[in-house]
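Visitor: According to mature numbering (1 follows the signal peptide of the UniProt record, and there is no 0), the stretch in the sequence shown is residues -26 to -1, 1 to 214, in order.
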Amino acid sequence: MAFTGASARVTALTLLYAAGPLLVGASCVLPNNTVMINPLSYNVYGSNAVFRNNTFANLFNPTNTTAPFFQVFDPSFLTVLGDSPSFRVIASNPGFAFAHEAPIWVPSTQELFFASAAGSPSGFSDINHNNQVAKISLNDVTTAIAQSSNATAPVNVTVTTLDLPDTVQMTNAGTGPYNGSLLLVNSGRGPLPPNLVLVDPANPQNATVILDNFFGRQFNSLHNAKIHPTSGNIFFTDVA
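(1) Quick check on DSSP: helix, strand or coil for residue 113?
(2) Does DSSP put residue 157 in a helix, in a strand, or in coil?
(3) Who are the near neighbours of residue 175 in its chain, counting only those whose CB is closer than 6 Å to its CB and skipping five residues on each side?
(4) Rounded to a whole number of angstroms, what is the C-alpha to C-alpha distance between residue 126 and residue 65?
(5) Would a C-beta distance cut-off of 8 Å place residue 89 and residue 148 closer than the cut-off?
(6) Using a 10 Å radius around the Cβ and a threshold of 16 neighbouring Cβ atoms, would you call residue 120 buried or exposed?
(7) With distances taken between CB atoms, is the gap from residue 179 to residue 171 smaller than 8 Å?
(8) Roughly how many angstroms separate the alpha carbons of residue 11 and residue 48, rounded to a whole number?
(9) Could you check the C-alpha separation between residue 38 and residue 32 for me, to the nearest Å?
(10) Would you call the CB atoms of residue 96 and residue 71 closer than 8 Å?
(11) Report the residue from 138, 36, 4 whose alpha carbon sits nearest the alpha carbon of residue 231.
(12) Quick one: is residue 162 buried, meaning 16 or more other Cβ sit within 10 Å of its Cβ, or exposed?
(13) Counting only runs that start and end within the region 70 to 132, where is the beta strand (DSSP E) found for 3 or more residues in a row?
(14) According to the neighbour-count rule (16 or more other Cβ atoms, all chains shown, within 10 Å of its Cβ), is residue 110 buried or exposed?
(15) Using the beta-carbon count (16 or more within 10 Å), is residue 184 buried or exposed?
(16) When DSSP builds the beta bridges, which residues end up paired with residue 199?
(17) Measuring alpha carbon to alpha carbon, tell me which of 61, 114, 62 ends up nearest residue 85.
(18) DSSP three-state call for residue 61: helix, strand or coil?
(19) Bridge partners for residue 24 per DSSP, in chain order?
(20) Between the alpha carbons of residue 22 and residue 14, how many angstroms are there, rounded?
(21) When we look at the beta-carbon of residue 189 and count the other beta-carbons within 10 Å, is it buried (16 or more) or exposed?
(22) I need the boundaries of the alpha helix (DSSP H) containing residue 52, first residue and last residue.
This is the structure we're talking about:
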């Protein structure tokens, strides 16, 4: 988990990049900007506890560490962070939650796909306007960082919007690649139904609806999905 202080309110407006040399083995030596949290220590607060009631105003920060920092809940995460993790804005659009959810990394092209906030003023989407699915090139990110003046200065790589058909409405989640395609989970908009759609990550991003009903009954608002790593079965949720 990453904490960025005041910007925690606007993570939907920025993409954060953290990288460092890979650690050898499962070393528990903590790098800078990192704290170790044992989740078992906080599983039970008790009947007299004061619970957080606002995700953004009251962050889970039992160590009272000054942001920005990374919380590590399992030592294996240190191999992901490396020995010198840092925060860096790599794309931004103030006022527009363009990178709100549905991140899908395509290793073959080093592209990251994502969706803007669905059905939200911050995502410029409502009953009359669809939300946006877009992508950035991680190769562009690497180049921009190499040309940057220091280790934490923000960069702003190009965000490319996908031109998808009307069958893709209010993308709420995404996963994959699934047999080479993006799997988009769409909640629908007005008379346009919720569905699961496979999208070719390559131009022209052809889209194929693979499910839009449950034995003839329209879904309410599909929201999340995961692909089983061995069976390939797709598990998804529908908001009641």
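Glycine included, every Cβ here is placed at the ideal spot set by N, Cα and C.
Because the structure is a prediction, the values reported are computed rather than measured.
Guide: Concretely, from the data shown:
(1) Along the sequence shown, one-based indexing puts residue 113 at 139. Here residue 113 sits in helix by DSSP.
(2) For the purposes of this step, residue 157 is taken as residue 183 along the sequence shown, with counting starting at 1. Reduced to three states, the DSSP call for residue 157 is strand.
(3) The residue labelled residue 175 in the question sits at position 201 within the sequence shown. These residues qualify, in order along the chain: 80, 156.
(4) Counting from 1 along the sequence shown, the entry for residue 126 is found at position 152. Counting from 1 along the sequence shown, the entry for residue 65 is found at position 91. Those two C-alpha atoms are separated by around 13 Å.
(5) As a working note, residue 89 is residue 115 in the sequence shown. As a working note, residue 148 is residue 174 in the sequence shown. Contact flag set, yes.
(6) Counting from 1 along the sequence shown, the entry for residue 120 is found at position 146. Classification for residue 120: exposed.
(7) Your numbering for residue 179 matches position 205 in the sequence shown. Your numbering for residue 171 matches position 197 in the sequence shown. It is not a contact, given that the beta carbons lie outside the stated cut-off.
(8) By one-based count along the sequence shown, residue 11 stands at place 37. By one-based count along the sequence shown, residue 48 stands at place 74. Each residue's Cα considered, the two are about 8 Å apart.
(9) The count along the sequence shown starts at 1 and reaches residue 38 at position 64. The count along the sequence shown starts at 1 and reaches residue 32 at position 58. If you take the alpha carbons of residue 38 and residue 32, they lie about 12 Å apart.
(10) Walking along the sequence shown from the start, residue 96 turns up at place 122. Walking along the sequence shown from the start, residue 71 turns up at place 97. Yes, Cβ-Cβ distance for residue 96 and residue 71 is below 8 Å.
(11) Given a span of -26 to 214 for the chain in the structure shown, any question on residue 231 remains unanswerable.
(12) Indexing the sequence shown from 1 puts residue 162 at position 188. That one is buried.
(13) 75 to 80, 85 to 89, 107 to 111
(14) Position 136 of the sequence shown, counted from the first residue, corresponds to residue 110. That one is buried.
(15) Here residue 184 refers to the residue found at position 210 of the sequence shown. When all chains shown are included, residue 184 counts as exposed.
(16) By 1-based counting over the sequence shown, the position of residue 199 is 225. Per DSSP, 210.
(17) Along the sequence shown, one-based indexing puts residue 85 at 111. The shortest C-alpha separation from residue 85 is found at 114.
(18) As a working note, residue 61 is residue 87 in the sequence shown. DSSP places residue 61 in coil when its eight states are reduced to three.
(19) Taking the sequence shown and counting its residues from 1, one reaches residue 24 at position 50. Paired residue(s): none; residue 24 is not in a bridge.
(20) Position 48 of the sequence shown, counted from the start, is the residue given in the question as residue 22. Position 40 of the sequence shown, counted from the start, is the residue given in the question as residue 14. Straight-line Cα distance between these residues: approximately 19 Å.
(21) Within the sequence shown, the letter at position 215 stands for residue 189. Burial call: exposed.
(22) By one-based count along the sequence shown, residue 52 stands at place 78. Start and end: 52 to 55.
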